[in-house]
Amino acid sequence: MVLANGVPPPRPFFTAGAKITFFGRFSKRCPEKTHNSCRELGRKRRNHYLCRAMRLSDLSDIHTHHDGRSDALLSLPVARATDGCTTPFSLELHPWHVGISADALRLQLDEFRQAADALRHNPLLVAIGECGLDNHCDVPFAHQKEAFRCALATAHDLDLPVIIHCVGYWAEMMAAVREAGTSANIIHGFRKGTALATQLLNAGFSIALGEKFNPDVASLVPADRLFIETDESGEDIGKIREKVMACRPSGR
Ligand SMILES: [Zn+2]
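Here the sequence shown is numbered in our numbering, starting from 806 and rising by one per residue.
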């Protein structure tokens, strides 16, 4: 069996309840060997990034809201993330929950930055997100954009990948990511067609597919840029992976 991103199946080194102490374990060499950031970043920074990147690719479920799983990346809002999570997690700033009033937004972004700062050395913090833009929610676009930029700046500062939620505002999302310069950007729950997928892939994004996905997109995304997720679905991650892999000519 090979994972969607082309690496062997994960070893179960995340044990729920155990504090991870192997932070430096993957810091000696680049597991991908070809990651652009490897060449661009200094040694210390690079190792830090690769350590995180390695763990991201070792997770079999890149985005979930169901807790208690050591092989999945749990999306957690600030209050729950700072409460002490014992499995890998990402720090969420969901566009649906961005403050409507200017005061609420300011307070929320202050709390988000403070939480990220407090968690920056926590090895279980693997990514920032989900964060992004959504044109089907009531939060004003300007507030969504400010929150998204804050999340991207945090990801850049902490050298973390970003899990992106995007509905409708594709051009705006891509512009914000380009401006922020974050190096690993994963569009989660992608359900659109091949034209948009191609545009995203050409711009350097990775794509995560969940319970509902376009089969043509599943066959299009290169193995090292494809991730699988449950998100809010109750379906087993193995089943979702099987469905995605069945659409791929190589079966991997
Ligand atoms: Zn989600």
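Note that beta-carbon positions come from the ideal geometry of N, C-alpha and C, so glycine has one too.
Remember, it's a predicted structure, so these values are computed and weren't measured experimentally.
{"query": "DSSP three-state assignment for residue 1020, whether helix, strand or coil", "result": "helix"}
{"query": "Three-way DSSP call (helix, strand, coil) for residue 995 in this model", "result": "coil"}
{"query": "Meets three-Cβ-pair contact criterion under 8 Å: the segment 860 to 872 and the segment 905 to 923", "result": "no"}
{"query": "Within 9 Å, strictly: CB atoms of residue 910 and residue 977", "result": "no"}
{"query": "4 or more residues per run - each alpha helix (DSSP H) lying fully within the segment 887 to 953", "result": "907 to 924"}
{"query": "Assigned exposure category for residue 1056 - 16 Cβ within 10 Å defines buried", "result": "exposed"}
{"query": "Neighbour-count burial assignment, residue 884, 16 or more Cβ in a 10 Å radius", "result": "exposed"}
{"query": "Beta-carbon gap between residue 895 and residue 931 smaller than 9 Å", "result": "yes"}
{"query": "Expected contact under 8 Å - CB spacing of residue 867 and residue 879 to nearest Å", "result": "With 8 Å as the limit, residue 867 and residue 879 do not qualify as a contact, their Cβ atoms being about 11 Å apart."}
{"query": "Three CB pairs or more closer than 8 Å across the segment 993 to 1006 and the segment 954 to 963", "result": "no"}
{"query": "Span separating the alpha-carbon of residue 889 from that of residue 1030", "result": "30 Å"}
{"query": "For residue 961, three-class secondary structure by DSSP", "result": "helix"}
{"query": "Chain-order list of residues whose beta-carbon lies under 6 Å from that of residue 1036 (same chain, five-residue window excluded)", "result": "868, 994, 1015"}
{"query": "Test item: CB-CB of residue 971 and residue 898 under 9 Å", "result": "no"}
{"query": "Beta-carbon spacing of residue 938, residue 981 below 9 Å", "result": "yes"}
{"query": "Cβ pair residue 935, residue 905 closer than 9 Å", "result": "no"}
{"query": "Residue 1058 versus residue 967 - alpha carbon distance", "result": "Outside the shown range of the chain, which is 806 to 1057, sits residue 1058, and nothing can be said about it."}
{"query": "For residue 988, the three-state DSSP class (helix, strand or coil)", "result": "coil"}
{"query": "Per DSSP, cross-strand counterpart(s) of residue 868", "result": "Paired residue(s): none; residue 868 is not in a bridge."}
{"query": "Cutoff 8 Å; reference residue 983; Cβ partners in own chain excluding five residues on either side", "result": "1008"}
{"query": "Near ligand 1: residue 800 beta-carbon under 8 Å from a heavy atom", "result": "The structure shown has nothing for residue 800, since the chain only spans 806 to 1057."}
{"query": "Helix, strand or coil at residue 1043 according to DSSP, with G and I counted as helix", "result": "helix"}
{"query": "Paired residues, beta bridge with residue 876 - DSSP", "result": "In DSSP, residue 876 forms no bridge with anything."}
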